[in-house]
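J.:
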Amino acid sequence: METIAKTAYKKDTFPVEGMTCASCASSIESMLRTVDGVQEANVNFAGKTVQVAYAPDQVKPDQLRDTLEEIGFELLIDQHTEEELEERQEKALNILRTKTIVAGVLAFPVFVLGMFFHNAFSWGNWAMLAFTTPILLWAGRHFFVNAWGQAKHLRANMDTLVALSTGIAFIFSLFNTVYPEFFLNRGLEPHLYYEAVAVIIAFILMGKYLEEGAKSRSSEAIKKLMGLQPKTVRVVRNGVEAEIRIEEVRIGDHVLLLPGDRVPVDGEVLSGGSYVDESMLSGEPLPVQKQVGDMLFAGTINQKGSLQLIARKTGGETMLAHIIKMVQEAQGSKAPVQKLVDKIAGIFVPVVLLIAILTFVAWVVLGGEAYLSQALVSMISVLVIACPCALGLATPTAIMVGVGKGAENGILIKDAQSLEHAYKANVILLDKTGTITLGKPAVTDVVWAKGVDGQERLEQLFFSIEAKSEHPIAQAIYTYYKEQGMQVLEPEYFNSVTGMGVEAAFGGRKFFAGNEKLLRQEGISIEGQLADAARQLQEHAKTAVYFADGQKALGVFAVSDPIKPAAAEGIARMKTAGLEVYMLTGDNAQTAAAVSRQVGITHFEAELLPGDKADFVKKLQEQGKVVAMVGDGINDAQALATADVSIAMGHGTDVAMDVAGITLMRSDLVQVAAAVNLSRATVRTIRQNLFWAFIYNVICIPVAAGLLFPFTGFLLNPMLAGAAMALSSVSVVSNSLRLRGKKL
Numbered sequence: 001m002e003t004i005a006k007t008a009y010k011k012d013t014f015p016v017e018g019m020t021c022a023s024c025a026s027s028i029e030s031m032l033r034t035v036d037g038v039q040e041a042n043v044n045f046a047g048k049t050v051q052v053a054y055a056p057d058q059v060k061p062d063q064l065r066d067t068l069e070e071i072g073f074e075l076l077i078d079q080h081t082e083e084e085l086e087e088r089q090e091k092a093l094n095i096l097r098t099k100t101i102v103a104g105v106l107a108f109p110v111f112v113l114g115m116f117f118h119n120a121f122s123w124g125n126w127a128m129l130a131f132t133t134p135i136l137l138w139a140g141r142h143f144f145v146n147a148w149g150q151a152k153h154l155r156a157n158m159d160t161l162v163a164l165s166t167g168i169a170f171i172f173s174l175f176n177t178v179y180p181e182f183f184l185n186r187g188l189e190p191h192l193y194y195e196a197v198a199v200i201i202a203f204i205l206m207g208k209y210l211e212e213g214a215k216s217r218s219s220e221a222i223k224k225l226m227g228l229q230p231k232t233v234r235v236v237r238n239g240v241e242a243e244i245r246i247e248e249v250r251i252g253d254h255v256l257l258l259p260g261d262r263v264p265v266d267g268e269v270l271s272g273g274s275y276v277d278e279s280m281l282s283g284e285p286l287p288v289q290k291q292v293g294d295m296l297f298a299g300t301i302n303q304k305g306s307l308q309l310i311a312r313k314t315g316g317e318t319m320l321a322h323i324i325k326m327v328q329e330a331q332g333s334k335a336p337v338q339k340l341v342d343k344i345a346g347i348f349v350p351v352v353l354l355i356a357i358l359t360f361v362a363w364v365v366l367g368g369e370a371y372l373s374q375a376l377v378s379m380i381s382v383l384v385i386a387c388p389c390a391l392g393l394a395t396p397t398a399i400m401v402g403v404g405k406g407a408e409n410g411i412l413i414k415d416a417q418s419l420e421h422a423y424k425a426n427v428i429l430l431d432k433t434g435t436i437t438l439g440k441p442a443v444t445d446v447v448w449a450k451g452v453d454g455q456e457r458l459e460q461l462f463f464s465i466e467a468k469s470e471h472p473i474a475q476a477i478y479t480y481y482k483e484q485g486m487q488v489l490e491p492e493y494f495n496s497v498t499g500m501g502v503e504a505a506f507g508g509r510k511f512f513a514g515n516e517k518l519l520r521q522e523g524i525s526i527e528g529q530l531a532d533a534a535r536q537l538q539e540h541a542k543t544a545v546y547f548a549d550g551q552k553a554l555g556v557f558a559v560s561d562p563i564k565p566a567a568a569e570g571i572a573r574m575k576t577a578g579l580e581v582y583m584l585t586g587d588n589a590q591t592a593a594a595v596s597r598q599v600g601i602t603h604f605e606a607e608l609l610p611g612d613k614a615d616f617v618k619k620l621q622e623q624g625k626v627v628a629m630v631g632d633g634i635n636d637a638q639a640l641a642t643a644d645v646s647i648a649m650g651h652g653t654d655v656a657m658d659v660a661g662i663t664l665m666r667s668d669l670v671q672v673a674a675a676v677n678l679s680r681a682t683v684r685t686i687r688q689n690l691f692w693a694f695i696y697n698v699i700c701i702p703v704a705a706g707l708l709f710p711f712t713g714f715l716l717n718p719m720l721a722g723a724a725m726a727l728s729s730v731s732v733v734s735n736s737l738r739l740r741g742k743k744l
């Protein structure tokens, strides 16, 4: 049989310089996708990055860089620290600010001469030419360079629109300055548009500067997270203490922490004792006591004592690094609605060019005496005002701010799709253990059958069976007897029965530990005394665990898992948000009912196996419900993967967190409602942005083309068109930034 080798794709995110609009993003994506070996390319216009999935054996990053250089963009393939990237961005922003100021200063006298002293001075036209030329050739040079790069590949973007509009206006004005007789001899006025060229470029530069400043604020959450990483570390190597850069720390290094130090790596305490502020991870304000053997995490703060720890995870492997990476990837991911926007942006500029040409032709054919002047003004206005920037910024800026807002509040969102889907959820399913309860069960009651023989021996056997199980309830029983100094016996046989309990054999005799369903399945009888005791315990929200041999139940143990302090408040907030709340548990119906009553849940499903939870999710989905599932354990992973929206508690297993689209760093149900509210606010902002971006173009392009002129005599001045274009992008970004002040 012939073996077909599967291509292994690598996914990298590269910074991109030179993007000015959504059409740029579309060009970058389409160009990269034409490269052999590239599977996918997705641009985050707001974040100025592109994520590329490519086959390393077929294409190298430098080929990707060369491909984009052909159309005027710079792909940064070399490794850059965040500080270096920030420096580059700051430098670019300073250059843009300088150009904006110079263009504004030079445009002012051109505006005054052109608008108020037209033909008042013999030297006026030449003065306007002198002031406008440096604006066009220096401050606005990149518009023409980028437009030419696009044109060579038969592409167009916002730079194309700006270059065409200002270039045509400048050349027309230059011709009339040098040779005004051409139009005068034909009885026409040789109009000049220097003021339009100068002010349009000044306005666009100002708009881009304000936009870039606003976009940088949208990623402040990432900067805050990165600020949690110390730059240097004190380590002990070969008995010598030294201060080294964070990048030089190796696994196994002994790291010294003084009071007030931020923990630089994930590691285990070797010596010393202290209290550590872990609020950036858990959200809990009270410091956590740390002793020898306890784990410390990068970004947390040592309080009073001195500690020495051994590095277990460094660099990109620490929990903080994973959080930062998750937030970055989420901010760079695309929401489903963005696919439609990308398609529109991809054809937007060519359509605008066609509209501009048709506008010019229509004015030439239908215009009056000043048809040429009006045709030129209208065409320039259409080219200037129709900018796809607002459309391209509508979704990514809202996603960036929304994901960042979540990260600041301990809500980690895996991707934009999870954020967009959460707002649709109308049913929320909560696992009981570890989600509604603390997940730290403890034995509260022990009831043995009357007349049972060899109780001490039986207790040791029960202890030994539960010692082999990893279930939280089994661990509670194990801890209970371990604290009494009991020794573990090795069973001859052991087997875990999913969702029911365990079975084991000692001396050829079989024993069972688990719930009532397990005993019924094995045909084991339960005496009335034990059944009554179990029922009473369950009515008090305690879990009953039976211990039995092959014939009858020998005892029942009550394990209680305290309900989280904020569980009832969190569930009340979910209901206020319009969510229908269900509790799912593998526990019996009596215990489930008792817990439900205490936290205010009306609907619950008890005695569920992991597969049953997933089936219940499907059942609700078949009824047309959009289901959000909240869980924390391996037994929740299947249901989390099946749900429309999956939410994992941060203290839970890695499996649950890997499957989940949203992870709550605090094991607090109040955060569930906060995550849904954040999603709704973000989607609402995206819709507002898209609405205004579309409406802006739907209204402004016809007005710029002269639609109102036959009725009102109004013809849009190209300068106003430039101001409106700049304002549209700034308004979209500013609307997204309002999310930062949203109370979750």
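When we follow the UniProt record's numbering, the leftmost residue of the sequence shown carries the number 1, and every step to the right adds one.
For each residue, glycine too, the CB sits at the ideal point set by N, CA and C.
Could you check what DSSP says for MET725 in three-state terms: helix, strand or coil?
T.: Of the three classes helix, strand and coil, the one that applies to MET725 here is helix, per DSSP.
J.: With C-beta atoms as the reference, is TYR371 less than 8 Å away from VAL382?
T.: No, Cβ-Cβ distance for TYR371 and VAL382 is not below 8 Å.
J.: Could you name the residues of the same chain whose beta carbon sits closer than 6 Å to that of ASP668, not counting the 5 residues immediately before and after it, in chain order?
T.: If we look at ASP668 and ignore the five residues flanking it on each side, its Cβ neighbours are ALA566.
J.: Compute the Euclidean distance between the alpha carbons of SER30 and ALA390, then round it to the nearest angstrom.
T.: Approximately 20 Å, taken between the alpha carbons.
J.: Quick one, which of GLU408, MET719, ARG245, LEU744 has its alpha-carbon nearest ALA169's?
T.: Comparing Cα positions, the closest option is MET719.
J.: Need the endpoints of the alpha helix (DSSP H) that VAL382 sits in, please.
T.: Element bounds for VAL382: 371-385.
J.: For ASP453 and ALA476, I'd like the C-alpha separation in whole angstroms.
T.: Approximately 25 Å between the Cα atoms of the pair.
J.: Beta carbon of LEU96, beta carbon of GLU278: below 8 Å?
T.: Contact: no.
J.: Would you be able to state if there are at least three C-beta pairs under 8 Å between the segment 297-315 and the segment 257-274?
T.: As far as the Cβ criterion goes, the segment 257-274 touches the segment 297-315, which means the pair count is three or higher.
J.: Hey, would you say ALA311 sits closer than 8 Å to VAL249, going by beta carbons?
T.: Yes, the pair counts as a contact, with Cβ atoms nearer than the cut-off.
J.: DSSP on ASP50, reduced to helix/strand/coil?
T.: Before going further, note that residue 50 is Val rather than Asp in the sequence given. Strand.
J.: Let me know the secondary structure DSSP gives MET19 once reduced to three states.
T.: Here MET19 sits in coil by DSSP.
J.: Determine the DSSP secondary structure at VAL666, reduced to helix, strand or coil.
T.: The displayed chain sequence assigns Arg, not Val, to residue 666. Coil.
J.: List the DSSP bridge partners of GLU580.
T.: DSSP output for GLU580 lists VAL427 as bridge partner(s).
J.: Can you give the beta carbon distance from ILE28 to LEU76, rounded, assuming they're within the 8 Å contact cut?
T.: Not really, about 13 Å apart at Cβ, beyond 8 Å.
J.: By DSSP, does GLY114 sit in helix, in strand, or in coil?
T.: DSSP places GLY114 in helix when its eight states are reduced to three.
J.: Entirely within the segment 502-546 and at least 3 residues each: give me those beta strand (DSSP E) ranges in chain order.
T.: Taking only runs of at least 3 residues, the beta strand (DSSP E) segments lying wholly in the segment 502-546 are 509-514.
J.: Going by beta carbon distance, what residues of the same chain come within less than 7 Å of GLY272, once the five residues before and after it are set aside?
T.: Same-chain partners within the cutoff: GLY305, SER306, LEU307, GLN308.
J.: Nearest-angstrom Cα distance between TYR193 and ILE380?
T.: Straight-line Cα distance between these residues: approximately 10 Å.
J.: Take LYS414 as the anchor and find which of ALA53, SER679, THR98 has the nearest alpha-carbon.
T.: Closest by alpha carbon: SER679.
J.: According to DSSP, is THR591 part of a helix, a strand, or is it coil?
T.: If DSSP states are grouped into helix, strand and coil, THR591 belongs with the helices.
J.: Which of the three DSSP states, helix, strand or coil, is assigned to VAL732?
T.: Reduced to three states, the DSSP call for VAL732 is helix.
J.: In the DSSP assignment, the beta strand (DSSP E) including ARG234 goes from what residue to what residue?
T.: Note, ARG234: beta strand (DSSP E), 232-237.
J.: Report yes if the CB atom of LEU205 is closer than 8 Å to the CB atom of ALA92, and no otherwise.
T.: Against a cut-off of 8 Å, the Cβ pair of ALA92 and LEU205 comes out as no contact.
J.: Whose C-beta lies closer than 8 Å to the C-beta of PHE694 among residues of the same chain, with five residues either side of it excluded?
T.: The answer, listed in chain order, is LEU391.
J.: Am I right that PHE616 and LEU584 are in contact with their C-beta atoms under 8 Å? What's the rounded C-beta distance?
T.: That belief holds up - the Cβ atoms of PHE616 and LEU584 are roughly 7 Å apart, short of 8 Å.
J.: From this set, GLY402, ILE524, LEU664, THR712, which residue's C-alpha is nearest VAL683's C-alpha?
T.: The shortest C-alpha separation from VAL683 is found at GLY402.
J.: Please report the residue range of the beta strand (DSSP E) in which PHE709 lies.
T.: Where PHE709 is concerned, there is no enclosing beta strand (DSSP E), although the alpha helix (DSSP H) it sits in stretches over 709-712.
J.: Would DSSP call residue 745 helix, strand or coil?
T.: The question about residue 745 has no answer here: the residues shown for the chain are numbered 1 through 744.
J.: Suppose you measure from the CA of TYR696 to the CA of SER26; what does that come to, to the nearest Å?
T.: Cα to Cα, the separation comes out at about 21 Å.
J.: Kindly confirm or deny that the segment 462-481 and the segment 575-582 touch, where touching means at least three C-beta pairs closer than 8 Å.
T.: The answer is no - the segment 575-582 does not touch the segment 462-481, with fewer than three Cβ pairs under 8 Å.
J.: Which residues bound the beta strand (DSSP E) around ARG245?
T.: Where ARG245 is concerned, the enclosing beta strand (DSSP E) stretches over 240-245.
J.: Please confirm whether VAL259 and ASN302 have their CB atoms less than 8 Å apart.
T.: Looking at the sequence provided, one finds Pro at residue 259 rather than Val. Cβ distance < 8 Å, so PRO259 and ASN302 count as in contact.
J.: Look at the Cβ atom of ALA422, then the Cβ atom of VAL105, and state whether they are nearer than 8 Å.
T.: The answer is no: Cβ separation not under 8 Å.
J.: If VAL377 sits next to LEU161, beta carbons under 8 Å apart, how far is it from one beta carbon to the other, in whole angstroms?
T.: Not a contact, Cβ separation roughly 15 Å.
J.: Restricting to Cα atoms, I'd like to know which of GLN529, LEU461, GLN484 is closest to PHE506.
T.: Out of GLN529, LEU461, GLN484, LEU461 has the C-alpha closest to the C-alpha of PHE506.
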